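Peer 1: The structure's right below; bear with me while I get my questions together.
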Amino acid sequence: MRWAVLVGGTGSNLRALLESGFPVALVISHRASVKALEVARDHNVPERVILPKAYSDRAQYDAALASGLEALGIEAIAMAGFLRWLGSDLTRRYHGTIVNLHPSLLPAYPGLHAIERAYDDGVLWSGVSVHFVDEGHDTGPLIAQVPVPRLVSDTLEDFAARIQAAEHQLYPRVIAAIDGGQVQLVGNRVVYEGGEQKWMHGHF
Ligand code: GRF
Numbered sequence: 147m148r149w150a151v152l153v154g155g156t157g158s159n160l161r162a163l164l165e166s167g168f169p170v171a172l173v174i175s176h177r178a179s180v181k182a183l184e185v186a187r188d189h190n191v192p193e194r195v196i197l198p199k200a201y202s203d204r205a206q207y208d209a210a211l212a213s214g215l216e217a218l219g220i221e222a223i224a225m226a227g228f229l230r231w232l233g234s235d236l237t238r239r240y241h242g243t244i245v246n247l248h249p250s251l252l253p254a255y256p257g258l259h260a261i262e263r264a265y266d267d268g269v270l271w272s273g274v275s276v277h278f279v280d281e282g283h284d285t286g287p288l289i290a291q292v293p294v295p296r297l298v299s300d301t302l303e304d305f306a307a308r309i310q311a312a313e314h315q316l317y318p319r320v321i322a323a324i325d326g327g328q329v330q331l332v333g334n335r336v337v338y339e340g341g342e343q344k345w346m347h348g349h350f
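In terms of the working numbering, the sequence shown has 318 at position 172, counting the first letter as 1, and numbering is strictly consecutive.
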């Protein structure tokens, strides 16, 4: 499958994916001058910036995204720091081949600043979720979750770094499994070839 990665931040997950040897056909960012674009350039991956403010409404923005994806024959999408909600046309078109990474154990802490909110609440465990994208916000069938502890001595930075390290381990595994057909969305149910997978609970 030809994969696009949608970014908007530091690109550490894009980097982890590329360093795992996974081929990425296109990187799209909703922000200019972000580190993620440098990561794409460093790995010779075609990159495009599609700025929301250049479009009059969300439908037009989504149409621009769709044509950018179609132009390179993109069949699957991994979201990694792209802070725009996709419209239903796109989520329907890529049903079962669009995934998102979120830094909490969903359905806890959906939305922005999930790490900070969990830290401030004093949770003892949070983690990382990967799910198929549907029309909701940080909803959609869960594919894998990794629990991450918040230690007594943790600063917010320590806790965030532990969560990010879990993301970097998990996301490439999930994407490779979907690409290889070992994970599929059938209706609204995630089906794993051969049943239980070690990595779906964070065992590698
Ligand atoms: C990750 O924490 C991911 O969970 C969230 O956005 C962040 C992207 O980080 N959706 P990076 O740009 O991959 O470093």
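Each residue gets a CB set at the ideal place from its N, CA and C atoms; glycine is no exception.
Only a predicted model underlies this, so the values are computations on that prediction, with no experimental measurement involved.
Give every residue of the same chain whose Cβ lies closer than 8 Å to the Cβ of M346, excluding the five residues on either side of it in the sequence, and list them in chain order.
Peer 2: In the sequence shown, counting from the first residue as 1, residue 346 sits at position 200. Result list for M346: I289, A290, Q291 and Y338, in chain order.
Peer 1: Given that a residue counts as buried once 16 or more other Cβ atoms are within 10 Å of its Cβ, and exposed if not, what is S158?
Peer 2: In the sequence shown, counting from the first residue as 1, residue 158 sits at position 12. Flag for S158 reads buried.
Peer 1: Can you list the beta strand (DSSP E) stretches of 3 or more residues lying completely in the region 249-312, in chain order?
Peer 2: If we require 3 residues or more, the beta strand (DSSP E) runs fully inside the region 249-312 come out as 271-278 and 288-295.
Peer 1: Report yes if the C-beta of A182 is less than 7 Å from at least one heavy atom of the ligand GRF; otherwise report no.
Peer 2: For the purposes of this step, residue 182 is taken as the residue at position 36 of the sequence shown. Yes, the Cβ of A182 comes within 7 Å of a heavy atom of the ligand GRF.
Peer 1: Please state whether DSSP places W231 in a helix, a strand or coil.
Peer 2: Taking the sequence shown and counting its residues from 1, the one referred to as residue 231 is at position 85. Note: W231 maps to coil in three-state DSSP.
Peer 1: Within 7 Å: the Cβ of P249 and any heavy atom of the ligand GRF?
Peer 2: The count along the sequence shown starts at 1 and reaches residue 249 at position 103. Because some heavy atom of the ligand GRF lies under 7 Å away, the Cβ of P249 counts as near it: yes.
Peer 1: How big is the Cα-Cα spacing for F228 and G341?
Peer 2: Your numbering for residue 228 matches position 82 in the sequence shown. Your numbering for residue 341 matches position 195 in the sequence shown. Looking at the two C-alpha atoms, the distance is approximately 31 Å.
Peer 1: Quick one: Cα of Q315 to Cα of G233, how far?
Peer 2: The sequence position of residue 315 within the sequence shown is 169, counting from 1. The sequence position of residue 233 within the sequence shown is 87, counting from 1. Approximately 29 Å between the Cα atoms of the pair.
Peer 1: Can you give me the C-alpha to C-alpha distance between I223 and A254, rounded to a whole angstrom?
Peer 2: Residue numbering aside, residue 223 sits at position 77 when the sequence shown is read from its first letter. Residue numbering aside, residue 254 sits at position 108 when the sequence shown is read from its first letter. For I223 and A254, the distance between alpha carbons rounds to 24 Å.
Peer 1: So L163 is in the alpha helix (DSSP H); what residue range does that whole segment cover?
Peer 2: Residue 163 sits at position 17 when you count from the first residue of the sequence shown. S158 to E165 is the span of the alpha helix (DSSP H), which, as asked, contains L163.
Peer 1: Specify the secondary structure class of L211 as computed by DSSP and reduced to three states.
Peer 2: Indexing the sequence shown from 1 puts residue 211 at position 65. Three-state result, L211: helix.
Peer 1: Counting only the same chain and skipping the five closest in sequence on each side, list residues whose C-beta sits under 6 Å from that of V195.
Peer 2: Here residue 195 refers to the residue found at position 49 of the sequence shown. Only S175 and A178 meet the Cβ criterion.
Peer 1: Is A226 near the ligand GRF, judged by its Cβ being under 7 Å from some heavy atom?
Peer 2: Numbered from 1 along the sequence shown, position 80 holds the residue referred to as residue 226. Flag set: Cβ of A226 near the ligand GRF.
Peer 1: So the candidates are Q330, F305, H283 and L302; which of them puts its Cα closest to the Cα of R230?
Peer 2: Counting from 1 along the sequence shown, the entry for residue 230 is found at position 84. Of the listed residues, the one whose Cα sits closest to R230 is H283.
Peer 1: Spatial neighbours of A322 within its chain, please: C-beta separation below 8 Å, excluding the five flanking residues on both sides.
Peer 2: Working through the sequence shown from its first residue, we reach residue 322 at position 176. Excluding sequence neighbours, A322 sits near S166 and F168.
Peer 1: If you count every other CB in all the chains shown that lies within 10 Å of the CB of V298, and 16 or more means buried, which is it?
Peer 2: In the sequence shown, counting from the first residue as 1, residue 298 sits at position 152. Classification of V298: exposed, given that the 10 Å Cβ count is below 16.
Peer 1: Considering just the uninterrupted stretch of the beta strand (DSSP E) at R131, what are its terminal residues?
Peer 2: Because residue 131 is not part of the residues shown, which for the chain are 147 to 350, the question remains open.
Peer 1: First and last residue of the beta strand (DSSP E) that includes M225?
Peer 2: Indexing the sequence shown from 1 puts residue 225 at position 79. A222 to M225 is the span of the beta strand (DSSP E), which, as asked, contains M225.
Peer 1: Just to check, is the beta-carbon of L160 closer than 7 Å to a non-hydrogen atom of the ligand GRF?
Peer 2: Here residue 160 is taken as the residue at index 14 of the sequence shown, counted from 1. Yes, the Cβ of L160 comes within 7 Å of a heavy atom of the ligand GRF.
Peer 1: Check whether the Cβ atoms of L164 and L218 lie closer than 8 Å to each other.
Peer 2: Working through the sequence shown from its first residue, we reach residue 164 at position 18. Working through the sequence shown from its first residue, we reach residue 218 at position 72. Taking 8 Å as the Cβ cut-off, L164 and L218 do not qualify as a contacting pair.
Peer 1: Return helix, strand or coil for Q330, following the three-state DSSP convention.
Peer 2: By 1-based counting over the sequence shown, the position of residue 330 is 184. Here Q330 sits in strand by DSSP.
Peer 1: Which same chain residues, not among the five before or five after G286, have their C-beta less than 6 Å away from its C-beta?
Peer 2: Against the sequence shown, residue 286 aligns to sequence position 140. Answer for G286: H277, F278, V279 and D280, listed in chain order.
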